[in-house]
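Chains as they are written, first to last, in this note's numbering: chain A, 64 to 177; chain B, 2 to 113.
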């Protein structure tokens with residue numbers, strides 16, 4: 064089956080710790096995205112990548128980092144600089160970028176702080 | 002500042018009725034508007050896309066309208082069913098990068 068996988072489903076972070084969320088897609092999509100969702104709020108864009116080895120900051124990139132070494136993979140690292148990391152993190156992909164492109168989302172990772 | 006507003010409160014309707022959800026925006030001139038469905042604890046799923054030069058789009062029991070003068074999109078579900086209960090998100094392309102910006106969503110509950 065084609066789709067997007069995210070792991071883990073739940074992730075616990077200790078104070079001062081960096082954690083990495085995995086996102087893999089086998090849809091052969093060029094573009095990939097990371098969003099953060101807080102309760103009762105919409106999705107906020109953290110980073111996006113239009114092509115391998117290139118990525119752009121979204122609206123709330125501070126405290127996060129990404130890499131895009133392979134077309135199918137776009138991992139997100141939540142660094143210790145992110146002081147309020149508790150949220151639901153969603154990865155998505157699309158054929159290209161822009162408003163006419165449908166985005167396909169993974170199942171999400173819920174990050175909690177211990 | 003740029004802003005997207007969806008129905009501010011949750012929407013409860015009776016099975017069989019038509020549900021109408023609203024997406025209003027300010028300070029945008031989007032070329033595209035999309036609607037997604039999100040179930041609790043899961044990622045959103047794409048439903049419909051409408052272009053700025055289209056007034057209406059239909060897909061089975063779903064209908065979307067796009068009024069660029071009113072800066073509003075309406076999302077209708079006819080003959081609603083309890084299985085339609087979910088949160089519905091609208092998204093518009095905006096900014097120089099024309100990336101999708103999502104509204105906060107409307108939680109719809111269809112009562113049997």
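Yeah, the Cβ is synthetic: ideal placement off N, Cα and C, and Gly gets one too.
Keep in mind that this is a model prediction, so the values were computed, not measured.
Check: How about residue 105 (chain A) and residue 5 (chain B): are their beta carbons less than 9 Å apart?; Outcome: yes
Check: Taking Cβ positions only, does residue 52 (chain B) come closer than 9 Å to chain A?; Outcome: yes
Check: Let me see if you follow: with CB-CB separation under 9 Å, is residue 151 (chain A) close to chain B or not?; Outcome: yes
Check: Determine whether the Cβ of residue 168 (chain A) lies closer than 9 Å to any Cβ atom of chain B.; Outcome: yes
Check: Throw me the rounded Cβ distance for the residue 62 (chain B) and residue 78 (chain B) pair, which I believe falls under 8 Å.; Outcome: 6 Å
Check: Looking only at its own chain, which residues have a Cβ that is under 6 Å from the Cβ of residue 96 (chain A), when we skip the five neighbours before and after it?; Outcome: 111, 155
Check: Buried or exposed: which applies to residue 55 (chain B), given that a residue is buried once 16 or more other Cβ atoms fall within 10 Å of its Cβ?; Outcome: exposed
Check: Counting only beta-carbon atoms, is residue 80 (chain B) nearer than 9 Å to chain A?; Outcome: no
Check: Between residue 88 (chain A) and chain B, is there a C-beta pair that is closer than 9 Å?; Outcome: no
Check: Quick check on this structure: which residue in A:177, A:171, A:164 has the alpha carbon closest to the alpha carbon of residue 50 (chain B)?; Outcome: A:164
Check: Residue 85 (chain B) by DSSP, collapsed to three states: which one?; Outcome: helix
Check: Are residue 101 (chain A) and residue 168 (chain A) closer than 9 Å when you measure CB to CB?; Outcome: no
Check: Should residue 155 (chain A) be flagged as near chain B, meaning a C-beta pair shorter than 9 Å?; Outcome: yes
Check: Starting from the C-beta of residue 47 (chain B), find all residues in its chain whose C-beta is less than 6 Å away, skip the five residues before and the five after it, and write them out in chain order.; Outcome: 37
Check: In terms of residues, what are the limits of the beta strand (DSSP E) holding residue 77 (chain B)?; Outcome: 73-78
Check: Which residues does DSSP pair with residue 95 (chain B) in a beta bridge?; Outcome: B:100
Check: Based on the DSSP secondary-structure assignment, which residues constitute the bridge partners of residue 4 (chain B)?; Outcome: B:27
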